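*Asks:*
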Amino acid sequence: MDQNIAVAESDVRHLRFSFSGRAVEYFGIWIVNLLLSIITLGIYTAWAKVRRLRYFYGNTWLDGHNFEYHARPVSILIGRVIVVALLVAYNLLVTISPFFGLLVIVYLLAFPWLLNKSMAFNARMTSYRNVRLNFGGTYFGALGVFVLMPLATLLSLGLLAPVASRLANNYIGRHLGYGTARFDTRAPLGALYANLGATIMFVMLVAVVCSGLGFLIGTGTASLGELAEGSEEALYEFISRGPIIGAIIGGYIALTLAYLFYAAGVRNVAYNHTTLDGTHRLSSEVGRFRYVWILVSNLFATLLTLGLLRPWAAVRTWRYLAASTGFVVVGSLDHFVDGAAPEGNVGAAEFFDIEGIDFGL
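Using the UniProt record's numbering, the first residue of the sequence shown is number 1, and each one after it goes up by one.
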């Protein structure tokens, strides 16, 4: 029996994802993509997206094999043209008559279908070891998780955020497949609420610091000369303006950082409770404070260099997330085979890409 246990333990491998891309290499791709997109008035953005994702996927490795991205630029371009045409038509109709604003109801009803088709397309365009991913969600499942639950979260002032996060990640994980094998995500609610508690404490800390900085900025507008002379108006301005400006600045920054902090924690919980084929398991060890620091410092570096360090920031973030992700393999990965699956809808995928909506697939 001890021998069987030893054999079983020897079959377990703790693998890590890695990223071999370099900022200098990606800068060349990025600058060409940018210039050609400008010259072609945006037409080249479809090719730019494919080149970007093929670079990042192709340099992401697990167990000696890299990922691949298979989308065709022409298909993406057609999808984008359709999406832009629909958005322009909607805005024109709304300017003609506010009555057409009711079309937003049609959008909400179509949202679950668009989401499922988008994730199906993105999954099907991704492969590892010549086996493609696939996604097969349901309309009413997506309606409840991504439309109704967010509304309930807003009404609860965020208290139901862990419930929404659990449902969303479980929905994606349970409908995602790798070839003929299936993923399964069972994120525990207790761990997600613990993450919310840590996020609230983080928000309070950031709000205090940012409010203090905002107070200094606000009160700094008061004339020091008038204060020295004892002007009552200047003194009132000094006392009243600072807290207001500080609260606005501090609140905005705190909420933005809190979202990043919370998202990193949710990622860890969801990944650590996701299995493939019932045996293999994902893992995530993203440091929440470090993740926030990386994104904030990336933003400042990009702004200070007028965007020139954007490639460096993208590579830095991707490399950190890859290095923070693991895969516990029991046995071999050679038995996975590809299977027939719908390829989704490129138009739906481009709709979410244009709207800036990312579900982490």
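For every residue, glycine included, the Cβ atom is placed at its ideal position computed from N, Cα and C. On a predicted model such as this, the values are computed, not experimentally measured, just so you know.
Let me know the beta strand (DSSP E) ranges lying completely inside the segment 252-282, each 3 residues or longer, listed in chain order.
*Replies:* Runs of the beta strand (DSSP E) inside the segment 252-282: 274-276.
*Asks:* Check each candidate in Phe121, Leu62, Gly197 and name the one with the smallest Cα separation from tyrosine 128.
*Replies:* Of the listed residues, the one whose Cα sits closest to tyrosine 128 is Leu62.
*Asks:* Quick one, which of Trp30, Glu25, Asp11, Ser118 has its alpha-carbon nearest arginine 80's?
*Replies:* For arginine 80, the nearest C-alpha among the options comes from Ser118.
*Asks:* Glutamate 68 bridges to which residues according to DSSP?
*Replies:* Looking at the DSSP assignment, glutamate 68 forms a beta bridge with Ser127.
*Asks:* Determine, using beta-carbon pairs with one atom in the segment 166-183 and one in the segment 133-147, whether at least three such pairs fall under 8 angstroms.
*Replies:* Yes, the segment 166-183 touches the segment 133-147.
*Asks:* Are at least three pairs of beta-carbons, each pair with one atom in the segment 19-39 and one in the segment 85-100, less than 8 angstroms apart?
*Replies:* No contact exists between the segment 19-39 and the segment 85-100.
*Asks:* Between leucine 264 and alanine 187, is the Cβ-Cβ spacing less than 9 angstroms?
*Replies:* As written in the sequence, residue 264 is alanine, which differs from the leucine given in the question. No, the pair does not count as a contact, with Cβ atoms beyond the cut-off.
*Asks:* Are the CB atoms of tyrosine 55 and threonine 126 nearer to each other than 9 angstroms?
*Replies:* Their beta carbons are not under 9 angstroms apart, which means tyrosine 55 does not touch threonine 126 by this criterion.
*Asks:* Nearest-angstrom Cα distance between tyrosine 259 and methionine 149?
*Replies:* If I take the Cα positions, the gap works out to 17 angstroms.
*Asks:* Count the other CB atoms, across all protein chains shown, that sit within 10 Å of the CB of glycine 360; report buried if there are 16 or more and exposed otherwise.
*Replies:* Legend: pLDDT at glycine 360 = 41, less than 50; position of this residue unreliable, value from coordinates given subsequently. Glycine 360 is exposed by the Cβ-count criterion.
*Asks:* Got a sec? Which residues, its chain only, sit under 7 angstroms from serine 284 by beta carbon, not counting five neighbours each side?
*Replies:* So the qualifying residues of the chain are Arg267, Asn268, Tyr271, Asn272, Ser324, Thr325.
*Asks:* For the segment 17-34 and the segment 297-316, state whether three or more C-beta atom pairs, one from each stretch, are separated by less than 8 angstroms.
*Replies:* Flag = yes, the segment 17-34 and the segment 297-316 touch.
*Asks:* Taking all protein chains shown into account, do 16 or more other C-beta atoms lie within 10 angstroms of the C-beta of arginine 290, making it buried, or fewer, making it exposed?
*Replies:* Arginine 290 is exposed by the Cβ-count criterion.
*Asks:* May I ask which residues mark the beginning and end of the alpha helix (DSSP H) holding leucine 309?
*Replies:* Here leucine 309 belongs to no alpha helix (DSSP H), and DSSP marks it neither H nor E.
*Asks:* Assuming alanine 152 and phenylalanine 135 make a contact with CB atoms under 8 angstroms, what is their CB distance in whole Å?
*Replies:* That belief does not hold up - the Cβ atoms of alanine 152 and phenylalanine 135 are roughly 24 angstroms apart, past 8 angstroms.
*Asks:* With a threshold of 8 angstroms, are at least 3 pairs of Cβ atoms found where one atom belongs to the segment 40-49 and the other to the segment 96-109?
*Replies:* Counting Cβ pairs under 8 angstroms, fewer than three are found: no touch.
*Asks:* Thinking just about the alpha-carbon of each residue, which of Ala198, Leu115, Lys49 is nearest to the one in threonine 138?
*Replies:* Nearest C-alpha to threonine 138: Leu115.
*Asks:* Assign serine 223 to buried or exposed, taking buried as 16 or more other Cβ atoms, counted over all protein chains shown, within 10 Å of its Cβ.
*Replies:* Caution applies to serine 223, whose pLDDT of 47 falls short of 50 and renders its modelled position unreliable; the model cannot decide the point.
*Asks:* Tell me the start and end of each unbroken alpha helix (DSSP H) in the segment 3-89 that is at least 4 residues and wholly inside, in chain order.
*Replies:* With a minimum length of 4 residues, the continuous alpha helix (DSSP H) runs that stay inside the segment 3-89 are 23-39, 45-58.
*Asks:* State the Cα-Cα distance for the pair alanine 194 and leucine 321, rounded to the nearest angstrom.
*Replies:* If I take the Cα positions, the gap works out to 22 angstroms.
*Asks:* To the nearest angstrom, report how far apart valine 12 and leucine 157 are at their CA atoms.
*Replies:* One C-alpha to the other measures close to 43 angstroms.
*Asks:* Taking C-alpha atoms, which residue in Thr45, Val315, Gly21, Val337 lies nearest to aspartate 277?
*Replies:* For the residues Thr45, Val315, Gly21, Val337, the minimum Cα distance to aspartate 277 belongs to Val337.
*Asks:* Measure the Cβ-Cβ separation of leucine 77 and alanine 120 and say whether it is below 9 angstroms.
*Replies:* Not in contact: leucine 77 and alanine 120 (Cβ atoms no closer than 9 angstroms).
*Asks:* Along the chain, which unbroken stretches of the beta strand (DSSP E) at least 3 residues long are found entirely within the segment 132-218?
*Replies:* The qualifying runs are 176-178, 181-185.
*Asks:* From the beta carbon of asparagine 170, is the nearest beta carbon of chain D less than 9 angstroms away?
*Replies:* Among the protein chains of the structure shown there is no chain D, as only one such chain exists.
*Asks:* Which residues in the same chain as glutamate 25 place their Cβ atom closer than 8 angstroms to its Cβ, once the five residues preceding and following it in sequence are excluded?
*Replies:* Excluding residues within five positions, the ones whose Cβ falls inside 8 angstroms are Tyr55.
*Asks:* Am I right that threonine 60 and phenylalanine 111 are in contact with their C-beta atoms under 8 angstroms? What's the rounded C-beta distance?
*Replies:* About 30 angstroms; that fails the 8 angstroms criterion.
*Asks:* Out of Arg316, Val106, Leu176, which has the shortest C-alpha to C-alpha gap to valine 292?
*Replies:* Closest by alpha carbon: Arg316.
*Asks:* Considering only C-alpha positions, which residue in the set Ala207, Gly141, Leu196, Thr274 is nearest to alanine 254?
*Replies:* Cα-wise, what sits closest to alanine 254 is Ala207.
*Asks:* What are the start and end residues of the beta strand (DSSP E) that includes glycine 326?
*Replies:* Unbroken beta strand (DSSP E) run through glycine 326: 325-330.
*Asks:* Leaving out five residues on either side along the sequence, give the residues of the same chain with a beta carbon under 7 angstroms from the beta carbon of isoleucine 96.
*Replies:* Cβ neighbours of isoleucine 96 beyond the five flanking positions: none.
*Asks:* Residues in the same chain with beta-carbon distance under 6 angstroms from glycine 177, minus the five sequence neighbours each way, listed in chain order, please.
*Replies:* Around glycine 177: Asn134.
*Asks:* If we ignore side chains and look at the alpha-carbon of each, how far apart do residue 433 and leucine 108 end up?
*Replies:* With the chain represented from 1 up to 361, any question about residue 433 goes unanswered, as that position is not in the structure.
*Asks:* Could you give the distance in angstroms between the alpha-carbon of valine 286 and the alpha-carbon of tyrosine 44?
*Replies:* Valine 286 and tyrosine 44: Cα-Cα distance of roughly 34 angstroms.
*Asks:* Just checking my contact of valine 328 with arginine 281 at CB under 8 angstroms: how many whole Å lie between their CB atoms?
*Replies:* Valine 328 to arginine 281, Cβ: 4 angstroms. Contact.
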